[in-house]
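Comments concern the structure below.
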Amino acid sequence: DSGVTQTPKHLITATGQRVTLRCSPRSGDLSVYWYQQSLDQGLQFLIQYYNGEERAKGNILERFSAQQFPDLHSELNLSSLELGDSALYFCASSVDPGTSSRNSPLHFGNGTRLTVT
Amino acid sequence: TQLLEQSPQFLSIQEGENLTVYCNSSSVFSSLQWYRQEPGEGPVLLVTVVTGGEVKKLKRLTFQFGDARKDSSLHITAAQPGDTGLYLCAGHSWKNTGNQFYFGTGTSLTVIP
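From first to last, the protein sequence lines stand for chains A and B. Read left to right, the first sequence gives residues 8 to 124 (the numbering used here). Read left to right, the second sequence gives residues 17 to 129 (the numbering used here).
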């Protein structure tokens, strides 16, 4: 058990809809990362938050947004869904002490499988 | 943009065989991590290598970080069905935006009993 909790585990929705994925990081971890994993593109970095603030953006579409709340849990919002958004969405957390930390690995949740029909 | 390339992308071998997975990049990383992912689960950290040329062993798995800290390899001796899974390398860099992790394309390993 990584200590990172993601809900829901599965989500099936129609094109054009909006969904919210939730992540509770490991206790004590300040950084939350969101990744998208699809069959043909591997693990793609979307966005990172550190202690409530956006830290870095990757290949995140404008239709997607995220936030990290004061209790450090995070939500990823996906809107105007398209068939191509079907994928596994992972949240990961790390201690991230605010300086370069070579030994601060990522701890992943078990993901949310999103299917857009 | 994918900064890390892994090869091979797919590997199917018989139990007892040896194999090597490669992770290559043109970028220099502070450290490199290897993760294993099983179906229905998130990636789990296997090892972190930090120093150029470093070799770490985890039972039958041997990890090596390239001298220039741009590439890495994972060697499995006498593979077992329990080794089946997706192996991911991840390069770590520190930027002014914080600790960043760049994942490789992944190697899907199947060990046949």
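C-beta: ideal position from N, C-alpha, C; glycine also.
Residue j beta carbon less than 8 Å from that of residue i
i                      : j                      : result
residue 107 of chain B : residue 54 of chain B  : no
residue 83 of chain B  : residue 69 of chain B  : yes
residue 115 of chain B : residue 111 of chain A : yes
residue 11 of chain A  : residue 101 of chain A : no
residue 90 of chain B  : residue 81 of chain B  : no
residue 56 of chain A  : residue 38 of chain A  : yes
residue 122 of chain A : residue 93 of chain A  : yes
residue 9 of chain A   : residue 115 of chain A : yes
Nearest-angstrom Cβ-Cβ length linking residue i and residue j, presumed shorter than 8 Å
i                      : j                     : result
residue 86 of chain B  : residue 37 of chain B : Actually they do not touch by this definition, with Cβ atoms about 16 Å apart.
residue 62 of chain B  : residue 52 of chain B : 6 Å
residue 66 of chain A  : residue 57 of chain B : Not quite, the Cβ-Cβ distance comes to about 23 Å (not below 8 Å), so this is no contact.
residue 122 of chain B : residue 91 of chain A : About 19 Å; that fails the 8 Å criterion.
Chain B within 8 Å of residue i, Cβ atoms only
i                      : result
residue 59 of chain A  : no
residue 68 of chain A  : no
residue 62 of chain A  : yes
residue 92 of chain A  : no
residue 103 of chain A : yes
Any chain A beta carbon closer than 8 Å to residue i
i                      : result
residue 10 of chain B  : No information on residue 10 of chain B is available, as it lies outside the stretch 17 to 129 that chain B covers here.
residue 56 of chain B  : yes
residue 133 of chain B : Because chain B is modelled from 17 through 129, residue 133 of chain B falls outside the range shown and cannot be assessed.
residue 9 of chain B   : Since the displayed chain B opens at 17 and closes at 129, residue 9 of chain B lies outside it and no answer follows.
Answer yes if the region 74 to 85 of chain A comes into contact with the region 26 to 39 of chain A, meaning at least three C-beta pairs across the two stretches below 8 Å, and no otherwise. The region 26 to 39 of chain A vs the region 74 to 85 of chain A: in contact.
The region 104 to 120 of chain B: which residues have C-beta closer than 9 Å to a C-beta of chain A, in chain order? Across the region 104 to 120 of chain B, CB contacts with chain A closer than 9 Å involve 104, 106, 108, 109, 110, 111, 113, 114, 115, 116, 117, 118, 119 and 120, in sequence order along the chain.
Mind the definition here: the region 27 to 47 of chain A touches the region 19 to 33 of chain B only if three or more C-beta pairs lie below 8 Å; say whether that holds. Touching, no.
Residues within the region 20 to 51 of chain B neighbouring chain A, beta-carbon criterion of under 7 Å: For the region 20 to 51 of chain B, which is checked against every Cβ of chain A, the residues closer than 7 Å are 46, 47 and 49.
Interface positions of the region 30 to 55 of chain A facing chain B (Cβ-Cβ less than 9 Å), listed along the chain: Flagged, chain order: 38, 40, 42, 44, 48, 49, 50, 51, 52 and 55.
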